[in-house]
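The sequence shown stops at residue 278 when you use the numbering used here, and every number in between is there.
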Amino acid sequence: MYREPLQTMFYQIIQYLKFLLKSTNQHGVHSPFVYKLVTTCFYDKTPHKAYQNLINYRKELLENKTKINITDLGAGSQVMKQRVRTVSNMAKNAGTTIHRAKLLYRLVNYLNCHTILELGTSLGIATHAMQLANLNATITTIEGCTQISEFTQANFKKHQLEPINVLTSDFGNAIKNVSANPYDLIFFDGNHQKEASLSYFESLLKTAHNNTVFIFDDIYWSKGMTEAWETIKQHPKVTVTIDTYYWGLVFFRQEQVKEHFSIRV
Numbered sequence: 014m015y016r017e018p019l020q021t022m023f024y025q026i027i028q029y030l031k032f033l034l035k036s037t038n039q040h041g042v043h044s045p046f047v048y049k050l051v052t053t054c055f056y057d058k059t060p061h062k063a064y065q066n067l068i069n070y071r072k073e074l075l076e077n078k079t080k081i082n083i084t085d086l087g088a089g090s091q092v093m094k095q096r097v098r099t100v101s102n103m104a105k106n107a108g109t110t111i112h113r114a115k116l117l118y119r120l121v122n123y124l125n126c127h128t129i130l131e132l133g134t135s136l137g138i139a140t141h142a143m144q145l146a147n148l149n150a151t152i153t154t155i156e157g158c159t160q161i162s163e164f165t166q167a168n169f170k171k172h173q174l175e176p177i178n179v180l181t182s183d184f185g186n187a188i189k190n191v192s193a194n195p196y197d198l199i200f201f202d203g204n205h206q207k208e209a210s211l212s213y214f215e216s217l218l219k220t221a222h223n224n225t226v227f228i229f230d231d232i233y234w235s236k237g238m239t240e241a242w243e244t245i246k247q248h249p250k251v252t253v254t255i256d257t258y259y260w261g262l263v264f265f266r267q268e269q270v271k272e273h274f275s276i277r278v
């Protein structure tokens, strides 16, 4: 019964070792755009005041014993297989880490993102980070599980994180209704399957403009997700990609030559 999780774990370890061998820091980057992004944003050590809000928000979730009946529409959790889960366990095993939340905060701030779409609200840690980074941003986030969506919407209201537009729907249907407008940032963090990820990417390509960034979570989640990432990198509309191991960043800057970077963050 543990064979599949063990195989997944070994796959991820091997991919991480490969990543360490090929990755670099700012000193291996010759693109001015990427160099400035890495030095000014990725490696920004400023203790932003918003970080404490993020830490407190996640800490509160880690202490919350509310039970939620889970409906997994994507690949599901590799750690938690039970149908009923506590908020605390979800925050610990599936929620965005503080390290990633801080980086997401910096990215939204640095790239001056005003229109944001998130596929996979979950407990709203990443959503919270993006909202704090730009209080004037228009954020639409999609959650497939009804009970998670209800819990997180109530939590947003409690923490006065409105207006955040939370849609409760499977991604495929929701995307049809949110793809009419351009987005500065789209965070793909809810379905870690190859076919679905590629389908969402293709469907949302028309919303990308020259300064848009797509962020794909867990690109080494599985062999299929890595294959999806490699396919996305080669798309003719994609110019610059950055592999941080846990995220894959995609840019569409026409003034850039096509380059792929692996950056340790």
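Cβ coordinates follow ideal geometry from the N, Cα and C atoms, glycine included.
Within the segment 150-182, the runs of alpha helix (DSSP H) at least 4 residues long that lie entirely inside it are, in chain order, 159-171. Just so you know, the alpha carbons of Asn224 and Arg266 end up roughly 6 Å apart. The alpha-carbon separation between Gln206 and Phe274 amounts to approximately 23 Å. In terms of Cβ geometry, Lys115 and Val97 do not form a close pair [threshold 8 Å]. In this structure, Thr257 is the residue among Val263, Thr257 and Thr52 with its C-alpha nearest to the C-alpha of Phe32. In the three-state reduction of the DSSP assignment, Asn106 falls in the helix class, which pools H, G and I.
Using a 10 angstroms sphere on the CB of His141, the tally of other CB atoms reaches 16 or more, which defines it as buried.
For Gly185, the enclosing alpha helix (DSSP H) has its first and last residue at Phe184 to Val191.
Contact between Gln160 and Asn82 holds: their C-beta atoms lie close to 5 Å from each other, under 8 Å. For the 8 Å CB-CB criterion, Thr165 and Glu156 form a contact. A distance of 8 Å or more separates the beta carbons of Tyr24 and Lys250.
Between the alpha carbons of Ile129 and Glu240 lies a distance of about 26 Å. DSSP, reduced to helix, strand and coil, places Arg119 within a helical segment of the structure shown. The segment 35-52 makes no contact with the segment 103-111: fewer than 3 CB pairs, one atom from each, lie closer than 8 Å. Distance from Phe264 to Val253 at the Cβ level is roughly 4 Å; contact confirmed, criterion being Cβ atoms closer than 8 Å. Ile228 is positioned such that its CB atom lies no closer than 8 Å to that of Phe184.
For the segment 196-263, the continuous alpha helix (DSSP H) assignments of 4+ residues that do not extend past its boundaries occur at 207-217 and 236-246, in sequence order.
Under DSSP, Ser275 takes part in a beta bridge, and its partners are Asp256.
With 16 or more other Cβ atoms inside 10 Å of its own Cβ, Leu217 counts as buried. Apart from the 5 residues on each side of it in sequence, Gln144 sits with its Cβ closer than 8 Å to the Cβ of Ala150, Ile152, Leu174 and Ile177 in its chain, given in chain order. Taking C-beta atoms as the reference points, Ser44 and Glu272 count as a pair closer than 8 Å. Distances from the CA of Pro60 to each of Thr21, Trp234, Tyr118 and Val226 were compared; the closest alpha carbon is that of Tyr118. The beta-carbon separation of Thr99 and Cys158, rounded to 14 Å, does not stay under the 8 Å limit for a contact.
Per DSSP, reduced to three states, the secondary structure at Asn147 is coil, with no helix or strand assignment.
Here the alpha carbons of Lys171 and Gln247 stand approximately 43 Å from one another.
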